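Asker:
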Amino acid sequence: MLATMKKENFTMKYQYAYRVPDLDDRGHHSRGESLIINCIGYEYDEPEGFANREQGRVDYLLSYLHSGQMNVRIANCEQTIEAGTVFIGKPYERQFYAKSGKEPTGSYWLHFTGYGVTDLLIKAGLWNERIFVTGINDEIPRLFARIIEEETEKQPSFEQISGALLQELIFTVSRKMSIQEKVRHMDQRELDLYASFNLLHKNYARRITVKELAAHAGLSLSRFTSLFKQYTGLSPQQYLIQYRFQKAKDLMRHTQLNIRQISSLVGFDDQLYFSRLFKKYEQLSPTEYRSKLDSEGSID
2 MLATMKKENF TMKYQYAYRV PDLDDRGHHS RGESLIINCI GYEYDEPEGF ANREQGRVDY
62 LLSYLHSGQM NVRIANCEQT IEAGTVFIGK PYERQFYAKS GKEPTGSYWL HFTGYGVTDL
122 LIKAGLWNER IFVTGINDEI PRLFARIIEE ETEKQPSFEQ ISGALLQELI FTVSRKMSIQ
182 EKVRHMDQRE LDLYASFNLL HKNYARRITV KELAAHAGLS LSRFTSLFKQ YTGLSPQQYL
242 IQYRFQKAKD LMRHTQLNIR QISSLVGFDD QLYFSRLFKK YEQLSPTEYR SKLDSEGSID
């Protein structure tokens with residue numbers, strides 16, 4: 002089911018699918034299935050909503066914050082999380098999460114159950130912790146979208162296909178989290194490098210130079226560039242471009258702003274340059290990308 006509601010220049014978007022009715026928000030537990038999804042959804046709206054389940058649910062929760070901020074309390078873990086973060090709730094654990102900050106929040110969530118869940122989470126390295134930094138990426142939203150499609154259309158064998166996609170989703174979180182875990186073992190200079198990511202993320206829309214980022218990290222330009230590529234696989238310039246394009250794609254997906262407005266908001270003064278570079282990286286022009294989203298029903 003897909004629902005949208007307009008409020009001035011803002012569009013609230015909800016998309017969700019339920020395997021069985023869940024009127025009391027307690028979920029369903031299955032002992033007969035290895036892995037099965039009870040419900041799944043996506044929402045993009047203003048930062049005012051929250052969920053508070055004092056006794057938790059009888060199933061598991063996996064949620065991915067794609068944009069905005071959230072205050073999260075899962076079991077004994079309490080944290081304000083940023084975009085690019087996954088959190089997992091186990092059965093009967095308290096679950097509280099509230100949208101935070103001034104920006105709209107985009108999040109994906111699903112509840113799942115089955116006798117194979119414990120083994121799956123242990124193998125993926127996601128059993129002991131509750132909050133995992135994966136970084137903003139396209140793979141996790143893409144898998145959520147495929148599961149939503151399966152659970153909505155309910156074609157033959159949809160439960161088995163959804164279960165297989167959920168396994169892929171969990172191991173994708175594990176893979177992304179493994180990269181981020183390197184941060185825990187950084188020395189002080191590398192921690193300074195990590196702080197430079199925050200500077201870049203907060204200032205991506207203005208002219209920001211690699212020299213400025215290196216100075217913020219307290220590193221020489223060559224050392225900073227080397228460490229940056231070691232931990233991201235990209236040069237600082239490539240990372241900034243891809244981060245800007247991720248923001249541009251979010252705006253194309255969730256707003257009616259034109260391409261010129263979007264290019265300006267993500268840090269490009271020249272729309273033509275933005276369009277040429279976007280096509281180089283995405284294999285589609287911004288107009289073609291938006292048309293593709295529109296044809297797939299992803300534009301509100």
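Position in the sequence shown (first residue = 1) + 1 = our numbering.
Note that the Cβ used here is the ideal one computed from N, Cα and C, for glycine as well.
Note that the structure is predicted; figures quoted are calculated from it, not measured.
Report the three-state DSSP secondary structure of residue 125 (helix, strand or coil).
Answerer: In the structure shown, residue 125 sits in coil (DSSP, three-state: anything other than H, G, I, E or B).
Asker: If you reduce the DSSP assignment to three classes, tell me which class residue 145 lands in.
Answerer: Residue state, collapsed to three classes: helix.
Asker: Check whether the region 276 to 289 and the region 252 to 266 touch, using three or more Cβ-Cβ pairs below 8 Å as the test.
Answerer: Touching, yes, given that three or more Cβ pairs across the two stretches are closer than 8 Å.
Asker: Counting only the same chain and skipping the five closest in sequence on each side, list residues whose C-beta sits under 8 Å from that of residue 281.
Answerer: Contacts found: none.
Asker: Below 8 Å, how does it come out for the region 151 to 160 and the region 14 to 31: are there three or more Cβ pairs, yes or no?
Answerer: Yes, since at least three Cβ pairs between the region 151 to 160 and the region 14 to 31 fall closer than 8 Å, the two stretches touch.
Asker: Compare the Cα-Cα distances from residue 111 to each of 94, 134, 87 and report the closest residue.
Answerer: Closest by alpha carbon: 87.
Asker: Leaving out the 5 sequence neighbours to the left and right, which residues in its chain are closer than 8 Å to residue 70 when beta-carbon positions are compared?
Answerer: Only 48, 81, 82, 83, 84, 100, 101, 102, 104, 106 meet the Cβ criterion.
Asker: Quick check on DSSP: helix, strand or coil for residue 106?
Answerer: Residue state, collapsed to three classes: strand.
Asker: Going along the chain, which unbroken runs of the alpha helix (DSSP H) with 4 or more residues stay wholly within the region 184 to 257?
Answerer: 189 to 203, 211 to 218, 222 to 233, 237 to 255, all fully within the region 184 to 257.
Asker: Expressed to the nearest angstrom, what Euclidean distance is found between the alpha-carbon atoms of residue 149 and residue 58?
Answerer: Answer to the nearest angstrom: the Cα atoms are 21 Å apart.
Asker: Between residue 245 and residue 219, is the Cβ-Cβ spacing less than 8 Å?
Answerer: Cβ atoms of residue 245 and residue 219: not closer than 8 Å.
Asker: How is residue 56 classed by DSSP in three states: helix, strand or coil?
Answerer: Note: residue 56 maps to coil in three-state DSSP.
Asker: Mind checking whether residue 43 and residue 141 have CB atoms under 8 Å apart?
Answerer: No, Cβ-Cβ distance for residue 43 and residue 141 is not below 8 Å.
Asker: So what's residue 116 in DSSP terms, helix, strand or just coil?
Answerer: Note: residue 116 maps to coil in three-state DSSP.
Asker: Based on DSSP bridge pairs, tell me the residues matched to residue 98.
Answerer: DSSP output for residue 98 lists 52, 73 as bridge partner(s).
Asker: Nearest to residue 52 by CA position, among 108, 120, 200, 171, is which residue?
Answerer: Looking at the Cα atoms, 108 is the closest of the given residues.
Asker: Helix or strand or just coil, what does DSSP make of residue 87?
Answerer: If DSSP states are grouped into helix, strand and coil, residue 87 belongs with the strands.
Asker: What residue from 228, 222, 240 has the CA that sits closest to residue 202's CA?
Answerer: When only C-alpha atoms are compared, the closest one is 240.
Asker: If you draw a straight line from the C-alpha of residue 212 to the C-alpha of residue 242, how long is it?
Answerer: Answer to the nearest angstrom: the Cα atoms are 16 Å apart.
Asker: Whose C-beta lies closer than 8 Å to the C-beta of residue 186 among residues of the same chain, with five residues either side of it excluded?
Answerer: Low confidence applies here, because residue 186 scores a pLDDT of 48, under 50, leaving its location unreliable; read the following figure in that light. If we look at residue 186 and ignore the five residues flanking it on each side, it has no Cβ neighbours.
Asker: Keeping to the same chain, check which residues put their C-beta closer than 7 Å to that of residue 237; ignore five residues upstream and five downstream.
Answerer: The answer, listed in chain order, is 211, 214, 226, 229.
Asker: Per DSSP, what kind of secondary structure is residue 300 in: helix, strand or coil?
Answerer: Summary for residue 300: the model assigns pLDDT 42, below 50, so the residue's position carries little reliability; its value from the coordinates is reported in the next sentence. Note: residue 300 maps to coil in three-state DSSP.
Asker: Can you tell me whether DSSP reads residue 294 as helix, strand or coil?
Answerer: Three-state result, residue 294: helix.
Asker: Exposed or buried, residue 221, counting other C-beta atoms within 10 Å across all chains shown (16 or more means buried)?
Answerer: Counting Cβ neighbours within 10 Å, residue 221 comes out exposed, since fewer than 16 surround it.
Asker: Quick one: what does DSSP say residue 64 is sitting in, helix, strand or coil?
Answerer: It is a strand residue.
Asker: Is the beta carbon of residue 32 sitting closer than 8 Å to the one on residue 116?
Answerer: Closer than 8 Å, so yes.
Asker: When DSSP labels each residue in this structure, what does residue 174 get in the three-state scheme?
Answerer: Correct three-state label for residue 174: helix.
Asker: So what's residue 1 in DSSP terms, helix, strand or just coil?
Answerer: Outside the displayed range of the chain (2 to 301) lies residue 1, so it cannot be described from this structure.
Asker: So for residue 288, helix, strand or coil by DSSP?
Answerer: In this structure, residue 288 counts as helix in the three-state DSSP scheme.
Asker: Using C-beta distances below 6 Å, list every residue in its chain close to residue 276, excluding the 5 sequence neighbours before and after it, in chain order.
Answerer: Excluding residues within five positions, the ones whose Cβ falls inside 6 Å are 286, 287.
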